[in-house]
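Student:
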Amino acid sequence: MKDASSELRLTETNSAEDSAGRTWGLEGNLFWHVVFGVFIAVLTLLLCFSAMRWSFKASAVLAAVPLTLSFIYVFGFRQGKPPGYDRDLLDGWLNGAGFSPDPQHQPEHPLHSDSHGTFQ
């Protein structure tokens, strides 16, 4: 009589590694960026309104800055984008295009003209 476990074939798949999950409709761990933005916004609001005695409107406007920046980062550079998109975009802004030559400054083709400027 055969053992039942010898007939059962197990195949490992990577299906669980395809998704990092979703929290609050955000992919992976992006909700932490929003939570951090909310935390800094509340902290800024409390410091400006209570400790520095600013008006509530001025405190709220200043507190909206970190929250807005976190939303711009999450929804503009991370949500729905390929992995590493934000880092690649920053690298492109800082270092310019990749390894390709600049198409605006291409050397003249060597057979196009000779050293005297006349065509061959």
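Numbering (this note's numbering) for the sequence shown: 40 to 159. We treat Cβ as the ideally placed atom computed from N, Cα and C, and that holds for glycine.
Assign Ala90 to buried or exposed, taking buried as 16 or more other Cβ atoms, counted over all protein chains shown, within 10 Å of its Cβ.
Tutor: By the 10 Å Cβ count, Ala90 comes out exposed.
Student: According to DSSP, what are the bridge partners of Thr50?
Tutor: Answer is none; Thr50 lacks a bridge partner.
Student: Between His72, His144, His148, Asp141, which has its C-alpha nearest Gly115's C-alpha?
Tutor: Looking at the Cα atoms, His72 is the closest of the given residues.
Student: Buried or exposed, going by whether 16 or more other CB atoms sit within 10 Å of the CB of Ser94?
Tutor: Ser94 should be labelled exposed.
Student: Closer than 8 Å by C-beta to Leu65: which residues in its own chain qualify, once you throw out the five before and the five after it? Chain order, please.
Tutor: If we look at Leu65 and ignore the five residues flanking it on each side, its Cβ neighbours are Val73, Val113, Gln118.
Student: Rounded to a whole number of angstroms, what is the C-alpha to C-alpha distance between Leu101 and Val77?
Tutor: Whole-angstrom Cα-Cα distance: 13 Å.
Student: Output the distance between the C-alpha atoms of Ser109 and Ala103, rounded to the nearest integer angstrom.
Tutor: Each residue's alpha carbon lies about 10 Å from the other.
Student: Leaving out five residues before and five after Leu129 in sequence, what residues of the same chain have Cβ atoms less than 6 Å from its Cβ?
Tutor: Closer than 6 Å at the Cβ level, and outside the excluded window around Leu129, lies no residue.
Student: Taking only three categories from DSSP, how would you classify Arg126?
Tutor: Residue state, collapsed to three classes: helix.
Student: Below 6 Å CB to CB, which residues in the same chain sit around Pro105 once its five sequence neighbours on both sides are set aside?
Tutor: If we look at Pro105 and ignore the five residues flanking it on each side, its Cβ neighbours are Gly76, Ile79, Ala80.
Student: So what does Glu66 bridge to, in DSSP terms?
Tutor: Its beta-bridge partners are Arg61.
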